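Enquirer: In this text, residue positions in the sequence shown follow my numbering: the first is 598, and each later residue adds one.
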Amino acid sequence: MWLKPDEMLLKNAFKLWVTEEDNEYFVLQRRRGYGEGGGGLTGLLVGTLDTVLDSTSKVAPFRILHHTPDSQVYWSIACGVTKEEILQHWDWLQQNIMRTLSVFDSSEDITSFVQGKIRGLIAEEGKTSLVLEDDPEKFREALLRFEKWFELPPKEKLVTYYSCSYWRGKVPCQGWLYLSTNFMCFYSYLLGAEVKLIISWDEIWRLEKTSNVILTESIRVSVHGEDHYFSMLLHLSETFVIMEQLADYSIKRLFDKEAFQREPALSDPLQITKRGLEAHAKSEQFRTFFRLPKEENLLEVHESFLWVPFSHYNTLGKICLSENYLCFASQDGSQCHVIIPMREVINVEKPDSGSRALTVCVRGKRALRFSEVRGYQRLANSIRSRCGISPSPQHSASSEAIRGECQSLINHFDDNPEDVTLMVGQKDSSKAVSTEALMTVFHPQDVENLDPKMLKEKMKEQSWNIHFSEYGRGTSMFFTRKTRDLIVRGVPEALRGELWMLFSGAVNDMATHPGYYTDLVEQSLGTSTLATDEIERDLHRSLPEHPAFQSDTGISALRRVLTAYAYRNPKIGYCQAMNILTSVLLLYAKEEEAFWLLVAVCERMLPDYFNRRIIGALVDQAVFEDLIRDHLPQLVDHMTDLSFFSSVSLSWFLTLFISVLPIESAVNVVDCFFYDGIKAILQLGLAVLDNNMGALISCQDDAEAVTILNKFFDSVTNKDSPLPSTVKQASVGNNDKASHFNVDISELIREAYEKYGNIRSEEVESSRKRNKLHVIQTLEDTTKQNVIRVVTQEVRFSASHLDGLYNLFKRQHFLSCYWTMKSPALLHHDPSLAYLEQYQLGFQQFSVLFSLLAPWAFCNAKSTLSLWVFRLIDENQDGLVNFKEFCFALDTLYSGSFTNKLKFLFKLHLPPAFTGSPLHLKEERIQHFIPVTEDSSHLSRLTAFDLPEDGVIKKSPERGRGKVDLQAYLKQWQNEILKKEETIKDLPRINQTQFIQFSKTLYNIFHGDPEEESLYRAVAHVTSLLLRMEEVGRRLQEPSSPSESANPANATAAAEEEEEPTTEEASTTPESSDTSSSRYSRDAGTDLTEMEWSFSFEQVLASLLNEPTIVSFFERPVDVQTKLGQARVAQLKLNANK
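1) Relative to the alpha-carbon of Asp667, which residue among Met781, Leu690, Ser927, Glu621 has its alpha-carbon at the smallest distance?
2) How many angstroms separate the CA atom of Ala1724 from the CA atom of Arg1614?
3) Measuring alpha carbon to alpha carbon, tell me which residue in His664, Leu923, Gly1605 is nearest Leu698.
4) For Phe1221, tell me which candidate among Leu1239, Tyr758, Pro1144 has the shortest Cα-Cα distance.
5) With DSSP collapsed to three states, give me the class of Lys601.
6) Round the Cβ separation of Val1619 and Leu1701 to the nearest angstrom and send it over; I've been treating them as touching at under 8 Å.
7) Is it true that the CB of His1228 sits closer than 9 Å to the CB of Phe1076?
8) Which term fits Leu1052, buried or exposed, when burial requires 16 or more other beta carbons within 10 angstroms of its beta carbon?
9) Work out the CA separation of Thr870 and Leu755 for me, nearest whole Å.
10) Report the rounded CA-to-CA distance for Tyr671 versus Tyr786, giving the unit in angstroms.
11) Going straight from the alpha carbon of Glu617 to that of Leu625, what length do you get?
12) If you compare alpha carbons, which of Glu705, Arg629, Ser704, Leu741 is closest to Ala675?
13) At a cut-off of 8 Å, is Arg966 close to the ligand GTP when judged by its beta-carbon and the heavy atoms of the ligand?
14) Distance, Cα to Cα, Leu1449 vs Glu1704?
15) Which value, in whole angstroms, describes the spacing of the CA atoms of Val1233 and Arg1226?
16) From Pro1204, Trp1465, Ser1444, pick the residue whose C-alpha is nearest to that of Pro1509; which is it?
17) Under 9 Å, do Ser1180 and Leu1117 count as touching if we go by C-beta distance?
18) Any idea if Asp1547 is buried or exposed, counting beta-carbon neighbours within 10 angstroms, 16 or more meaning buried?
19) Is the shortest distance between the beta-carbon of Val1104 and the beta-carbons of chain C less than 9 Å?
20) Can you check DSSP and say which residues form a bridge with Trp773?
21) Do you know whose CA, among His1371, Lys891, Gly713, Pro890, lies nearest Gly822's CA?
22) What do you get for His1398, buried or exposed, if any count of 16 or more other CB atoms within 10 angstroms of its CB means buried?
23) Got a sec? Which residues, its chain only, sit under 6 Å from Lys1407 by beta carbon, not counting five neighbours each side?
24) Let's see if you can read the secondary structure: which residues bound the beta strand (DSSP E) around Phe902?
25) Taking Gln842 as the reference, which of Ser819, Thr813, Arg872, Met829 has the closest Cα?
26) What residues in its chain sit with their C-beta under 8 Å from that of Ile1152, if we drop five residues either side in the sequence?
27) Classify Ser1125 as buried or exposed, calling it buried when 16 or more other Cβ atoms lie within 10 Å of its own Cβ.
28) Should the region 1379-1393 be called in touch with the region 1463-1483, which here means at least 3 C-beta pairs below 8 Å?
29) Within 10 angstroms of its Cβ, does Val945 collect 16 or more other Cβ (buried), or is it exposed?
30) Report the partner residues of Cys924 according to the DSSP bridge assignment.
31) Are the region 834-850 and the region 802-816 touching, with three or more C-beta to C-beta distances below 8 Å?
32) Apart from the five residues on each side of it in sequence, which residues of its chain come closer than 6 Å, Cβ to Cβ, to Thr956?
33) Out of curiosity, what's the CA-to-CA distance linking Ser1073 and Pro938?
34) Roughly how many angstroms separate the alpha carbons of Ala1154 and Leu1721, rounded to a whole number?
35) So, with DSSP's three-state summary, where would you put Gln1173?
36) Please report the distance separating the alpha-carbon of Gln1218 from that of Leu1293.
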């Protein structure tokens, strides 16, 4: 590897290098302790020194130095792992550089020329792979060490590396931590003790920062019940964030594909870089904070002051610019932020040429003045280009007038804040199916009503109108602490829909997609899917007490919104609880607005909540448990198992308390949720438990605790609600007439904010990431336990052996997914399928794993035997093998009786496993495995290039679009129940071609065995015996003739010729196997073409039972634990060498 020329004064400091070759301008050296004469104390000391100092010499112990005769300065220009590699560089220098150097007059010119040439070579090498790295030269050296030490596949992408200590028990090992796309690796070498650790990200259960007496600050990585600690990191927080992102990336890509498909920035695992991960994390945080669409990315950040007119002072904060939005958030604790869509900007001006200030004018007579902006000119140009404002000559000529107009707007806003006009941030859609919120239709407000509740409602509206006049209204409204205070007190019924749209960011989605919902309704109209069936079933269960959903108006609107969303997002389709949430949205928002609110909730605010495994809700329950431990220690002391709160609170999170509170109280919770996100639900949950602390501590069991919470929810009221009793929802639980207390929802929410308002959204998001790993791994572990529970009843493997087999099976599935996004195996994994079908292997994956676990050496990955086994155990002929089918095959080969093992081998040479003659096996190996299914018979005309990587065509319908054929499942289940045990009499006879291949398979299986010679003789004897038996049988059945009596004799002679096969004939290579097959077919079959002969399984079994050597070979026990251990070590290397 060529190195960036690095100056050194001594070519042999401390005598650590030995010169191998030299000439006038170059020196080739070897590191002392490596190569010839290496080892001993010198090797140990040098190796330790290299590892601790991160020396390239640890993995590249050869180097080339450049020097000139009249200089004492040397320049390192190349290094190599092996002598052959460094000699290639040395020869290149001799042939291409040495001749040229003679034309230079001075040493400086020679050195300058050599350095320029080497830099040019490095630049040419790194044009594609290292262009995105911060320090390409150091990264090249680290990449060299990474590849040498861990021997991972060349496609594995190194992201970054850090120096750290890894703790083995109580002893720290100083070394280097390497973080790649799919693995976390550590290497240390101290005084001959090498420590090497490789952990795949998809195996990690927990990843968190910890500290204790010994380790002041460290990172703990939990894998399969074992903890690994890494400390002494110079940039621990940065390292932890990168590790967290890579683990989350792996989890999304391999387990949670629904979420991953929404991450286009991480689409290619071969292009992941540290810089890219950091940019993605910042963009994700930016979108979450400002509730922006998922397409937005953070492009620029500028620190500046913003003039806040309602407070008459400048607040320090940051300007954040994306493709379509200009946002500002304060840093002084005032919690002030503002979001300005670029579509609303009409001009950008610089008020004073001497100051670093900008004025952004927006529609609605609004202007925002930023000052002390670093790079203000670049920011102004960026905003203009994204708004389509060009500094044309006419624009420049009128700049003074526009600047004056903007300044007058600012002055007017300062002096008369109440004159700010309404600024609407969305376009009215004339195509909307329904243009009114259901609440306005079924409960119109009476203006003349002077009821005290209505008067209080009017006062709330007046408070909000004053707020709008001071802080603005619409998309560019200032969000401050006062905004939150108003939310806590309760939102007026008339403003609820508008504010929900604004706080959730749905107003921007709707504005940028005019007509989208109408088109979606038309496209989804009349479709029939599993989702639409579920929607129809749940329509009349959605707020059935409310008049709006006792009529066709409300039911039809609910149907349209849910069906349109299921059509938009088939990965989610429809899930229970979506109907309850959508019905509440329809009460206060127009139909199209309700649709976009549902989009915001499902895809941004509550990610992964509404899918089959409700991962998002489970994650937030884990976050809730953590908060209970932190804020309610008394409850934790009494109830050590907090899983009860997870189960009882599931509906709180899924329905935002709508399912447990009366509707007039639940909408206040929804108000807070749209403003503060999941943090508001967590705070309210803590307040509910806090209010019932005494009763919960004194309860005896879970049932009593549930009763206590239900009574509490029944007592929650909304004393300020103006809704009539006909609209109010009845109590969810049993109404206890003897209840002497009522809790006002506004007071409960206020108490939640006062006690737990210090919970930061950033802490919640961090806890979400930390707990997501554990939640998904727990679900995966549950899947594994269920699969093992099913399989263990039908095989002889122990539970621990099945656990190891499952881990290998699952890992093999993932190994084909690590380095490509289009892996068929990645497409096969569907968490919505039954447990056994979630992980399946195609032929290419199966052949690799089977070669590692098969009891015979002949079964390598390229062996045709792997193909026949795959065909045999693929019972449904879909080109995929599940774990149960895989275990059945191994169980027979490992623990089956001699008869069962022989029957398995016998069936391998019958259809559907064996489909051709030995003469065509080579052609069969070349072609990929093409499955034959009932609806894909046309595939026989296709080549391997017309199919996916492993020749599998997936037939399962996409969730949400296609219906599941329940009749087919029931029929398959019935067939499995009625399936009777197969006996040896049920097996068909094996014909001439199949028997020849069966004999050859036996020879190949015995190859390399210590008893190989006697086993070969036994097979030849059995073959000869069977042929003679066939001859006798034919003579008894038919009258003999001269032509017929000669044929069996020839066949017998051919069999006897096989009694002493050579090692070459029994070789496992494809070429020699085909040669052996062809010779056997030619010798034993050409003279028998005019007669058909075959053998039954009973004949073969009886003949082989008379050979004790063969019987003892097949009854030889297999050490399963050792086999599993060897497979774990070799699995990754075998895939790396593919």
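The beta carbon of each residue, even a glycine, is placed where N, CA and C say it ideally should be.
On a predicted model such as this, the values are computed, not experimentally measured, just so you know.
Expert: Let me spell this out:
1) Glu621
2) 32 Å
3) His664
4) Leu1239
5) strand
6) 6 Å
7) no
8) exposed
9) 8 Å
10) 29 Å
11) 6 Å
12) Leu741
13) The ligand content of the structure shown is nil, which means the ligand GTP is not present either.
14) 29 Å
15) 6 Å
16) Trp1465
17) no
18) Residue confidence for Asp1547 is low, a pLDDT of 39 falling below 50, so the modelled location carries little weight and cannot support an answer.
19) In the structure shown, chain C does not exist; there is a single protein chain.
20) Ser760, Tyr784
21) His1371
22) buried
23) Tyr1436
24) 897-905
25) Arg872
26) Leu1136, His1137, Phe1146
27) exposed
28) yes
29) buried
30) Cys917, Ile936
31) yes
32) Glu946, Pro948, Ala964, Arg966, Cys1003
33) 8 Å
34) 58 Å
35) coil
36) 19 Å
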